[in-house]
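Chains as they are written, first to last, in the numbering used here: chain D, 349 to 596; chain H, 52 to 307.
Read the structure below first, then the notes.
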Ligand SMILES: Nc1ncnc2c1ncn2[C@@H]1O[C@H](COP(=O)(O)OP(=O)(O)OP(=O)(O)O)[C@@H](O)[C@H]1O
Ligand SMILES: [Mg+2]
């Protein structure tokens, strides 16, 4: 499927938190179906960049364009973009007072206008996809971290997004649960989903990424294919970062 | 145990009355074995219905008004936030009695000048005052409860396409409720106590009736003692309900 506009187009993006400049002149284009992995030291602005794309943070200058829609203060543009963009958080952010199945159907029923029956059918298909259909009636707190994150992914997919954003989806997980979540994300990648993933899981990056981005102090310092990135990093900062991270 | 202590105190007072020389205590005014005592008791206890009606309707209005004040107070819009803040600070600063006089005697004049001819009777004047005065506090209770819910919940709701109303209705308020309900119920106790002020504008509730009997019988000690116990009973019942509610909420929380 060829689309005229790229999935995400970010141009000269700048963002401040008060006096503090978090994002400095970010330029990034993500094509439909492309998988981009972002890494970089803590505080370098990775989360902020990803959160700007669906307006969880507001940028002060530059433009963000998602599938042909420019992100402005107009609630319509925000709603339009959010309907195309799913997001998975480090802390899962499941709704603790609702069952797993209710977590999944809340958006489809209220935002897409699906009937409860349709929403449930869709939700069960996705729970099967993330391999936990048997947990449908449990509360999130009764699940393991890995299961919770898979529910969160399914909840996002229920909205049939065209782009998925992942902000360190495995950082809050016990080591033995990381692969079950990464498997789901890789499966999604193989399906052709456009993805922006903030992660320090370099094994995953090698497997899934089309492009690697290294951020430091609010700037994109390096950008390239995983091969270039891992074998011949251009900057010292990136080399040091990779060395530190791959030691673990 | 707490209740038993109060009942014990009550009987001590009664015993004092019976054993002291005539003229010091006059429990006869509310002695149910005499014709006049029984009439007095019936009249005094008859105030319960007004006090309870006043309190419940005022509390209900305050719960709604409080939410209407609290929500703009948490918006991103600085104008809405300021209005909400001013309301809370202003209302909180006004003592109940002056506000009651203003609503009962002043508000009809203001309305009339605007061409609205509404007569505010003692009942609705008292309710309106109690509700407005209390809403500043319920608004703060809502605010604290809602702000205790993590920001990630709102963000997750937004990413699955929910609008502001849906996010509040399905995600934030249901979770905030268990933090909001116990203090809200506690606030109800204040309303019950504050409803005594309605007596000064002629509302026939517990305090007003006690005052009227005091004037005719001239037995203030006995009648006001009874009055205090009337409020005590009401408040004890409410606090039992609150405690039950807190326990229930607590056990729900541990279930997750
Ligand atoms: N809401 C906020 N208000 C003020 N400063 C913020 C806010 N959110 C983030 N920051 C600051 O902006 C900088 C970038 O934060 P961000 O969360 O984007 O970094 P990150 O690269 O995702 O780091 P990490 O790897 O720790 O998640 C940090 O210095 C952080 O302290
Ligand atoms: Mg981050």
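Positions of the beta carbon are idealized from the N, C-alpha and C atoms, including for glycine.
- Taking the Cβ of residue 161 of chain H as the reference point, every heavy atom of ligand 1 lies at 7 Å or farther away.
- Looking at the backbone, the Cα of residue 593 of chain D and that of residue 395 of chain D are separated by about 18 Å.
- In its chain, beyond the 5 residues on either side, 87, 88, 91, 264, 268, 270, 273 and 274 have a beta carbon closer than 8 Å to the beta carbon of residue 80 of chain H.
- With fewer than three CB-CB distances shorter than 8 Å, the stretch 100–114 of chain H does not count as touching the stretch 151–165 of chain H.
- Under the DSSP assignment, residue 404 of chain D falls outside any alpha helix (DSSP H); it carries neither an H nor an E label.
- Counting only runs of at least 3 residues, the stretch 474–529 of chain D fully encloses the following beta strand (DSSP E) elements, listed from N- to C-terminal order: 511–515.
- Distances from the alpha-carbon of residue 561 of chain D to those of D:380, D:387 and D:358 put D:387 closest.
- Here residue 292 of chain H is exposed, its C-beta having fewer than 16 other C-beta atoms within 10 Å.
- Within 10 angstroms of the beta-carbon of residue 109 of chain H lie 16 or more other beta-carbons, which makes it buried.
- Using a Cβ-Cβ cut-off of 8 Å, residue 209 of chain H counts as an interface residue toward chain D, since at least one Cβ of chain D sits closer than that to its own.
- Selection H:141, H:133, H:101 and H:166 evaluated against residue 253 of chain H yields H:101 as nearest (Cα-Cα).
- Cβ-Cβ distances below 8 Å link residue 418 of chain D to 411, 412 and 425 in the same chain, with the five nearest sequence neighbours on each side left out; the list follows chain order.
- Of the candidates H:255, H:243, H:212 and H:230, H:243 places its Cα closest to the Cα of residue 288 of chain H.
- If you compare the alpha carbons of D:415, D:398 and D:569 with that of residue 514 of chain D, the shortest gap goes to D:398.
- Among the residues facing chain H, residue 447 of chain D is not included, as its CB has no counterpart in that chain under 8 Å away.
- Comparing C-alpha distances from residue 362 of chain D to each of D:356, D:407 and D:469 shows the shortest one belongs to D:407.
- Straight-line spacing of the CA atoms in residue 160 of chain H and residue 234 of chain H works out to 36 Å.
- Residue 392 of chain D has its CB nearer than 7 Å to a heavy atom of ligand 1.
- Three or more beta-carbon pairs separated by less than 8 Å are not found between the stretch 467–485 of chain D and the stretch 510–525 of chain D, which leaves the two stretches without contact.
- For residue 192 of chain H, there is no enclosing beta strand (DSSP E); the residue is found in the alpha helix (DSSP H) stretching over 173–198.
- Within the stretch 204–228 of chain H, contact with chain D at the beta-carbon level (separation under 7 Å) is assigned to 204, 206, 207, 209, 210, 211, 212, 213, 217, 221, 222, 225 and 226.
- Around the beta carbon of residue 539 of chain D, fewer than 16 other beta carbons sit within 10 angstroms, so the residue counts as exposed.
- Each residue's CA atom was taken as its position, placing residue 201 of chain H and residue 524 of chain D some 27 Å apart.
- Along the length of the stretch 382–456 of chain D, whole beta strand (DSSP E) runs at least 3 residues long occupy 383–387, 409–414 and 433–436, reported in chain order.
- For the set H:98, H:230, H:284 and H:96, the Cα lying nearest the Cα of residue 299 of chain H is the one of H:230.
- Of all residues in the stretch 453–474 of chain D, those with a C-beta nearer than 9 Å to a C-beta of chain H are 454, 455, 456, 458, 459 and 460, reading in chain order.
- In the structure shown, residue 258 of chain H falls within a helical segment according to DSSP collapsed to helix, strand and coil.
- Using a CB distance cut-off of 8 Å, residue 404 of chain D counts as an interface residue toward chain H.
- CA-CA distance, residue 284 of chain H to residue 245 of chain H, rounds to 15 Å.
- Assigned with DSSP and collapsed to three states, residue 132 of chain H falls in helix.
- The beta carbon of residue 512 of chain D sits closer than 6 Å to the beta carbons of 434, 541 and 543 from its chain, once the five residues preceding and following it are set aside; these are given in chain order.
- Taking 7 Å as the cut-off between beta carbons, the residues of the stretch 405–438 of chain D near chain H are 430, 431, 434, 435 and 437, in sequence order.
- Against chain H, a Cβ distance below 7 Å from residue 507 of chain D picks out 211 and 212.
- Close to chain H, meaning a Cβ-Cβ distance shorter than 9 Å, are the following residues of the stretch 481–494 of chain D: 487, 488, 489 and 490.
- The nearest non-hydrogen atom of ligand 2 is 7 Å or more from the C-beta of residue 113 of chain H.
- When 8 Å is used as the limit between beta carbons, residue 504 of chain D is near these residues of chain H: 210 and 211, in chain order.
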